[in-house]
Structures are given as structure tokens and as C-alpha cells.
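Chains as they are written, first to last, in the working numbering: chain L, 1 to 217; chain S, 1 to 468.
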């Protein structure tokens, strides 16, 4: 997306603006001379005014179709934004939403966005069916040894908070997790490790592990 | 959009272009603001902004509120040494084309308009409508939805729905946002963000060769493309929306300055428009409740009225001065959306009440009463599976005062509509729509005194709708 437009437009003194009688609160302008601060300010504005429409102003989305980004691993977020931009991440919503949204993000802005979301507090917990969560917990902690499916916690951390190079899962919307598992399974989202994991999972098992993930703090 | 904005047979036969209870027929066809140029500009598929077009999702509403300017395409730019953006022009203009073709079958053919006998039943329209859109960004904070339409009934190309916007966003403390802007448009509610208001409410397409609902309130499409309005709006935190504006007559196909010979009536003074809405989104659910309204003072068009040509007349209508007719429209609306992965469901409803004070028409004997009222209610439920197969069912009802001149049997018209759609691809829609009337112009049977019943106007409408 056009990141520079939104920043610069705030400095314009349009007669229309005056006519409207509303003042723009523009912390960006003061930070504009320092490139790093300007990028951070631009990312903050972008996150609230554009990304926030789907992902929430604080990175917690109201709609489970869109993932929570708050407290997510910054390296993961930056890598995914780059994957959207290069169109190498191919799950359906990536194609229909994020390929376009990321098209004109530069590397600095991606990094600033990633850092911004990583620093936000994680989403609140959700209540779900305890038996489904219990099934999911077993899967998450132990995997399916007979089928060769490793424990999710081995890479994503026993608490689901992620490990270097692996995303945070705790508190993520179950609907989003389920969709991603199915995209890994079909290889539309082409990640070899996750394709191997998801290939052996049944839909009921995916639902259970997604419910467990969503319930984790 | 009026429910059926095509010039109704009722209008033609009676020859009444009333000012008090404006008959259906002043507007163009129902039109969509789902245009592929938005997708081209943003790089996002239709589903980002629409459930099934033209119904908007929350993201689509924000795209519109933000002035249609979100873009991800290559731009031709110019920047000053102070980094002020002087130009940001899309490398390719945001143009789109829309084509509608249709077939209309009435339960009973209409009478021949000039002789004994009946008209042909089964009307083919190819095209019914072709529209060219410029829909997208003009400058960094300026965007437009501009539609030029050829319609087969008029046989001409004319300006259609237009909404030119300036928008900006202020970031407030606590990560809140305030989107604010201006809209310059030619149809009250065309600038609105929800599909529960008239301009972009269901049905999104309808026949132009079937009798439409014969009476409509002013805000319900009667002034579409007949006025120009400027409104200022603010949308706080993507949830609380407020708008204030004014409209003034801006006729098409009529040379200015406007005078008593101007068809369709002339607004006597700037007509205030207002809107208040609250939207809340949680999980897959989104609900909106709102109020909107406008007050129009009109020097009426009295031409063609059999009781017209009073002393105040000079040609078609009322001299532009002295008393006028006043229409005060106040409406409530509601929209609920459920957006699932496989299933989408939405409910839209509105209730418009119009208080009429017809001083000018009464003085010219074009209305039998001074004080009258007209009320329209409608509600529609829409379901789609995978955004490919689905449809809408709904009810509509218009009721109001009996007026010996304008509505001898009362304007009461009510019925139901059902539509089934199939979208093989996201930008192509094929549909079958059936409209059933239980009452028409006040009566269920013999409403025209010539033996025609309300149900004779039941309409089967088959359409193909392509946007590209």
C-alpha cells in the first residue's frame, strides 16, 4: 500500500480541511525529520488506520477471520509481510487480502510494523469447550507419535509463545489457526515442516488443537 | 435507489408527475458500487470489501469512508523539496465496465399504452444497462465513484450515481481513530456506508419494464441524480458515524437557470441531510443501527396534472417563489451481517416516514390535502454459500394518506420479493427475482378501475450482471 501518502497528506493544509473544522492529530509531522522515528510513526499510523480495520488497532482483531498480531514474534511478522509482498505465501486470504496490502510496503516499514505489534500486550483469553481444549492440549503437548506428528510445543514453545524463528500461537483465533492448518495440509500455504505436520491431522484434531491454542494465555 | 426506479406504467397511464407523492420513475436503475477498478487499485479481491457485491463488509465501509483512496498500485508521483506530495496518480486509471442484460415477465401483460389491447409480455433488454465507472483515487486524499450509464429505456448516456470524496484520518489517543471527510454527491444516501439505506439497498437490480412501486418518499431515490449535495462526515473509531449535509437542485438534461418550466420540481432552499449510525463488530457478527433524514422544500412540477395550470403557473410548474411543498423525511435503519468461511448472512431493514405539507400543490389544486404522510418499510434477509450461491427474501410496504388527487385509493403498496443468485466468478452474477404484490396503489383488486389487480403486476425478472 501507499505508505508515504498517508504521512505526507497530514502535512497538507487543504482548504477543505479547514472547512471541515477538524484538526488532525499528527505526531508524525514532528517526527518526520528523523528517518527512523518517521518510519516508526508511519507504521503506527498505518497500523491504526489501515491494518487495524481488520487486525484491530491494538493487534487484537474483532473478527476471527483475521489473525491477532499483538505480541507476535517480530521476525515472524516481518518474514510473513515479505512473503505476502513476494506472493510466496499462497493461502486463500493471503492472496485475496495481503498480496495487495503488502505490495508497496518497504522493508523498513515492515520491520517497524512487526516491532510495533510484537510490543503490544497479547489478546485476552477465550472460553471454549473444556473437553475439546483437553484433546487439543494432548495433541499440542505430545503430537501423534504413531503418525509421526511432532508436538506443536517443540517448535512453538510449551506455552505457545513461540521460539526464535517460530510464531507465537497462544491466544490466536481458533478459526484462523484451523484455516492455516488446512492451508498447510493442502500446501496452498507452502511450508514444508507444517505440511508434514498437518498432512496427518484429521479435521477434528485440527479443531481441537486450534481451540486449545486459542485458550492459552 | 427506489425499489423499482423505472418509470412505472402507472405513471405513464395516469400522466401524473406529482410533486406531493413523487411517483417512481425519476431515478436510474439500481446500481452497484462494487466495481473491479477498486480491486485493481487495492490489489485485493472483491471479498475484502463485499460479502457479495454490492453489499459492503466493514472493510469496504472503511474503504469508502476513507475516500476510495487506498491503493497498492504503481503511481506517477511528484514531490516538493519539503516532501509534500504534489501528485499521486495511478499509472492506470481506475476504470470499470458494468453490463446488465435481463428478461422481464409479468403475471398479466399491461394494457397497450395508446390503444385497446395489451402490450407484449416478456421484455428482453440487451443491455438493460451499461455503465462506465471511474472509481478510485484521484489524489492522495481525494477519490471518486463516478458512473456514466446507458440505459435501454432512455436510450441515452447520462450521469448516474456520483460520489466524490475528500477524506483523512486523525489518530487519537489510546490508538483510536477518527475518519473524517467531505462528500460531493448527487443522490441522498449514495454516500452512506451501509446497505440498509436507499441508494445502495436491496434490490440491487430490478426490471425497468415492469410496474414499480408507484409512490416513494423524497429520500428514497426520488431525488437521485436530481440534486447535488455536499456533506461532512466523521467516523469515530470505526463505530460511531455522523454526517451533515445540504442538497440543492442540480438538474440533468435541463438548461439553467432553473425556473417554473423545469421538470421534476425545484428545491426551494438547500435541503438539510443528516445521518447518525453506530456499528459494532464482534467475532463474525456486525450490527449497525442508525437514523437518517432530510427535509426538502420543493416548488412543485405541476405540468401534466389534469388539474394543473392554476394562476400561479407559468409553464410546467410553480413559480420559484412564494409557498412551497415541504417533505420531512425521518428514517431508521438496521443492518446485521454474519461473515463465516462458508456462510454469509445479512439482514437489512429501514423504515422511512415522510411528513408532507403541500401548501404549493394544494394552492394549485394539485393536491387535495395540505398535510399528508407517506411511510415505507422494508426488510430483506440474504444468505450466500461460499459467496457463490445464495439469495434474498424480503417484504416491502408503502402506506400513506388518501388524497383525492394524488392517491385516490391511498398510496398503499405492499408485497414480497425473492431472488436467487449464482456467481460462477466473483465479478459475474446471474439472478432470478420474483416480486409479488398484495396491494398496489391502495387496492388489491381493480386498483386502476379498469380491472387490473395488484397481483397482475407480479414480476419475474431474470438477469445477467457482469462487472469487469
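Cβ coordinates follow ideal geometry from the N, Cα and C atoms, glycine included.
In this text, all values refer to a predicted model and were calculated from it rather than measured experimentally.
query	result
Per-residue DSSP class, three states only, for residue 118 of chain S	strand
is_contact[residue 176 of chain S, chain L] using C-beta, thresh 8 Å	yes
The alpha helix (DSSP H) enclosing residue 197 of chain L, as first and last residue numbers	192-199
Alpha-carbon to alpha-carbon, residue 367 of chain S and residue 27 of chain S	Residue confidence for residue 27 of chain S is low, a pLDDT of 32 falling below 50, so the modelled location carries little weight and cannot support an answer.
Residue-chain proximity (residue 22 of chain L, chain S), Cβ-Cβ < 8 Å	Only weak support is given to the placement of residue 22 of chain L: the predicted model assigns it a pLDDT of 42, under 50, and the value that follows is read from those uncertain coordinates. Chain S contact via Cβ: present.
Three-state secondary structure (DSSP) of residue 429 of chain S	strand
Against chain L: residues of the stretch 319-342 of chain S by CB proximity under 9 Å	339, 340, 341
Partners in chain L for residue 59 of chain S, counting only beta-carbon separations shorter than 9 Å	53, 54, 97
C-beta atoms of residue 217 of chain L and residue 170 of chain L nearer than 8 Å	yes
Which of helix, strand or coil DSSP assigns to residue 463 of chain S	strand
Buried or exposed by the 16-neighbour rule on C-beta atoms within 10 Å, applied to residue 202 of chain L	exposed
Of the listed residues S:148, S:129, S:164, nearest to residue 68 of chain S (C-alpha basis)	S:164
Under 7 Å (Cβ pairs) to chain L, residues found in the stretch 94-107 of chain S	none
Within-8 Å CB hit, residue 174 of chain L to chain A	Annotation note: the requested chain A is absent from the structure, which comprises protein chains L and S.
Which listed residue (L:77, L:195, L:204, L:81) has its alpha carbon closest to that of residue 148 of chain L	L:195
Rounded straight-line distance, which links the Cα of residue 389 of chain S to that of residue 125 of chain L	36 Å
Beta-carbon gap between residue 123 of chain S and residue 104 of chain S smaller than 8 Å	yes
Neighbour-count burial assignment, residue 1 of chain S, 16 or more Cβ in a 10 Å radius	The predicted position of residue 1 of chain S is uncertain, since its pLDDT is 30 and thus under 50; no value can be drawn from it.
Neighbourhood of residue 423 of chain S by C-beta distance below 6 Å, restricted to the same chain and skipping five residues each side	388, 429
Residue(s) in a DSSP beta bridge with residue 87 of chain S	S:78
Beta-carbon proximity list for residue 438 of chain S, same chain, < 7 Å, skipping 5 on both sides	414, 415, 444, 454
Selection from L:151, L:167, L:208 that minimises the alpha carbon distance to residue 178 of chain L	L:208
Where residue 283 of chain S meets chain L, residues with beta-carbon distance less than 8 Å	62, 63, 64
Unbroken alpha helix (DSSP H) run spanning residue 318 of chain S, endpoints	From DSSP, residue 318 of chain S is part of no alpha helix (DSSP H); its letter is neither H nor E.
Endpoints, the alpha helix (DSSP H) within which residue 184 of chain L is located	174-186
7 Å Cβ cut-off: residues of chain S touching residue 104 of chain L	72
Residues from the stretch 161-174 of chain S in contact with chain L, defined by Cβ distance under 9 Å	166, 168, 169, 170, 171, 172, 173, 174
Buried or exposed (CB count within 10 angstroms, at least 16 for buried), residue 74 of chain S	exposed
Nearest candidate by alpha-carbon position, reference residue 146 of chain L, set L:59, L:200, L:61	L:200
Chain-ordered chain S contacts of residue 45 of chain L [CB-CB under 7 Å]	171
Nearest-angstrom Cβ-Cβ length linking residue 71 of chain S and residue 45 of chain S, presumed shorter than 8 Å	That belief does not hold up - the Cβ atoms of residue 71 of chain S and residue 45 of chain S are roughly 15 Å apart, past 8 Å.
Residue interval of the alpha helix (DSSP H) (run including residue 60 of chain S)	58-65
Nearest-angstrom Cα separation, counted from residue 250 of chain S out to residue 300 of chain S	15 Å
Neighbour-count burial assignment, residue 386 of chain S, 16 or more Cβ in a 10 Å radius	exposed
Residue interval of the alpha helix (DSSP H) (run including residue 154 of chain L)	153-156
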